[in-house]
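The structure appears below as C-alpha cells.
Protein chains in written order, with the numbering used here: chain A, 47 to 134; chain B, 1173 to 1568.
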C-alpha cells in the first residue's frame, strides 16, 4: 500500500488523502491581462517531472504541499504552505 | 503487413507524431482523401502501444452536446463500414449499450440523457428492469444487496465494440499501401520552430524537415507540448482495465454502471473486458494496482455473482489526457504548422475514424474541419468550452 507523509500526522495510507491540484499563484484579477488570466484559469503544467501539488489529509483536515515526481509517482517532500524555506 | 523503412527521409510534407489509431488514421486519410503521401508517422514504441491498445474498445454516440453528438455519430457511421473500407476484419460488433441507474435520481438523469440524445438524432431511450433482465438474464438486479438495486437504464442500440489493435493495424496497412512511411522505434526529441512556424522535427534517428506536424499522442501530449512551450489544460490520469479468462459467449450487451465505476463487455475472444474510473490523481505511468483489480472484480460480482470462480487473465493501465470540459482538443494551434489531436481522456478510441478524417482535412487545407471547430485549443481563452457530460468519466 502506498503511503504519504503528512507534515502534521506523519506517514499515513494513501486512502486517507485527497489530491487538490497543482500549486498555482493567482494573478491579481484586477490587473491581469485576459491572456494571463485565462492561462491561470485553464492551463496546467501537466508535463513530466517534479510538480508542486496541494494534498489534503481528510481525517485531520490538513492541507499541505507535496513535491511529487508525476512520472515515477514518488513523493519527494511534503510541507505546510509557507514553510518550504524553513524545511531544509 | 506494412513496410519498415530503414531510414528517415530528409523532408516530409507532414510528420505525424504518434502511431496510434488517430495518427495512423490521419495518415491514411491524408493519402486517400487528399493525395498527400509524403508523410511519416513516427512511433516511439510499436503501433497501437498507447491508448489505442489499452482502452476497453467501446464505441457509442449517446453524447449530450450538439458538437459531441454529431462528431461521435459521424465516427460510428465510419466504423460501421470500416472493415470493408480497409479490407480488414475489425470484429466490429453492435451489442447495445446499457448505462444502469441505481437510484431514482440516476433514472431521472438517464431520462434527460435519452431526451437530449433523441433531440440530437441519436438512437437512445430509457428501458425498465424487464427489458434489462430479458436481454441480460445473468444480471442480478438487486446487486446481491451489496449495492442499491438497478431501477432501469439508458439504452443505446448502436453501442458496439471492435478489436482495437486491429484498427491500428488496418489503418497502418492502408496508409502504407498508399505510400505513407510508418517508422516504429523512432522517438521525437524536439520540434524545431522558427519565427512562430514549424520547420522540422528532431528525433533519436536524426532531424527531418517539415512544415506540418501533427501531435497525435494523447496521454503523452504534455511531453510534446512541453518541448515547444505550448501550454494546455491537459492533466494526465491513468485509467485501469482488466480481462478475465475467455468464457463461452454469454454477454451480448455492453453494461456500464457509473455508480459502481464499472463497464463490462465480452470480447470476440470470450474474455470479459472491464474498465474502471480514472485514478484519483495525475500519474504519467501505465502501472496497474491491486486496489483496482480488487475493486473492479468486487463490482463485477455485484452485477454477475456467478462469475465468482472466473480468473483474471491480465490487467493494465492507460494514460488519459483529461480536459476540463471533457471534450477533445483538435486542430490548429498558435504555432503555424503545429496541429494537435489530444484531450482524448476516456473517449478516444470511438473517435478514431472521424478524428483521422477531420485532422487529415485540417492538415491538408490548413484550416479546421467544420466538425472540429468547436474543439479548438482557442476555446479556452475565448471562454467557449464544450461541456460534455456524456463522457464516460462524468458521474451522473
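Cβ coordinates follow ideal geometry from the N, Cα and C atoms, glycine included. This one's a predicted model, so the numbers in the text were calculated from it and none came from an experiment.
Pairing residue 117/A with residue 1389/B gives a Cβ-Cβ distance that is not under 9 angstroms.
Within the stretch 1233-1278 of chain B, the complete alpha helix (DSSP H) segments at least 4 residues long are 1238-1252, 1254-1257, listed from N- to C-terminus. Between residue 1513/B and residue 1387/B, the beta carbon gap of about 7 angstroms places them in contact (Cβ cut-off 8 angstroms).
In this structure, residue 1385/B and residue 1187/B form a Cβ contact; the two beta carbons are roughly 5 angstroms apart against a cut-off of 8 angstroms. For residue 1433/B, the secondary structure class from DSSP, reduced to helix, strand or coil, is coil.
Nearest C-alpha to residue 1207/B among 1532/B, 1547/B, 1419/B: 1532/B.
The DSSP-derived three-state label of residue 1287/B is helix. Taking C-beta separations shorter than 8 angstroms and ignoring five residues to either side along the sequence, the partners of residue 1313/B in its chain run 1301, 1304, 1305, 1321, 1322, following chain order. Scanning chain A for C-beta atoms nearer than 8 angstroms to the C-beta of residue 1406/B yields 90, 92, reported in chain order.
Residue 1510/B and residue 1545/B have their C-alpha atoms some 16 angstroms from each other.
Along the stretch 1482-1560 of chain B, the alpha helix (DSSP H) occurs as fully enclosed runs of 4 or more residues at 1524-1537, listed in sequence order. For residue 116/A, the nearest CB of chain B lies under 9 angstroms from its own CB, placing it at the interface with that chain. Judged by DSSP in its simplified three-state form, residue 110/A adopts strand. Contact annotation: residue 1203/B and residue 1338/B have beta-carbon atoms that are not nearer than 9 angstroms. Contact check between the stretch 71-87 of chain A and the stretch 100-119 of chain A: fewer than three CB pairs, one atom from each, fall below 8 angstroms, which does not count as touching. C-alpha of residue 1228/B to C-alpha of residue 1243/B: approximately 20 angstroms in a straight line. Residues of the stretch 1451-1479 of chain B whose Cβ lies closer than 7 angstroms to any Cβ of chain A, in chain order: 1452, 1453, 1454, 1455, 1456, 1457. Taken atom to atom, the span from the alpha-carbon of residue 99/A to that of residue 1189/B is near 30 angstroms. Under the DSSP definition of a beta bridge, residue 1366/B partners with 1369/B. When Cβ-Cβ separations below 9 angstroms define contact, residue 1255/B makes no contact with chain A.
Boundaries of the beta strand (DSSP E) harbouring residue 121/A: 120-125, taken from the DSSP string. Using a 10 angstroms sphere on the CB of residue 72/A, the tally of other CB atoms stays under 16, which defines it as exposed. Residue 1412/B has 1489/B as its beta-bridge partners, per DSSP. Residue 1403/B belongs to the set of residues whose beta carbon lies under 9 angstroms from a beta carbon in chain A. For residue 1420/B, there is no enclosing beta strand (DSSP E), since its DSSP letter is neither H nor E. A straight-line Cα-Cα distance of about 6 angstroms links residue 1356/B and residue 1217/B. Taking 9 angstroms as the cut-off, the Cβ atoms of residue 1450/B and residue 1501/B do not count as close. In the DSSP assignment, residue 1396/B falls within the alpha helix (DSSP H) that extends over 1393-1400. At a cut-off of 9 angstroms between beta-carbon atoms, residue 102/A makes no contact with chain B. Using a Cβ-Cβ cut-off of 9 angstroms, residue 65/A counts as an interface residue toward chain B, since at least one Cβ of chain B sits closer than that to its own. Listed along chain B, the residues sitting closer than 7 angstroms to residue 84/A by beta-carbon distance are 1552, 1553. Separation of residue 113/A and residue 1345/B (C-alpha to C-alpha, rounded to the nearest whole angstrom) is 44 angstroms. Chain-ordered listing is empty here: chain B has no CB closer than 9 angstroms to the CB of residue 113/A, the nearest sitting near 14 angstroms. Taking C-beta atoms under 8 angstroms as the contact rule, residue 1343/B and residue 1262/B fail to qualify, at a distance of about 10 angstroms. At the C-beta level, residue 1231/B and residue 1333/B come within 9 angstroms of one another.
Between residue 87/A and chain B, the shortest Cβ-Cβ separation is below 9 angstroms.
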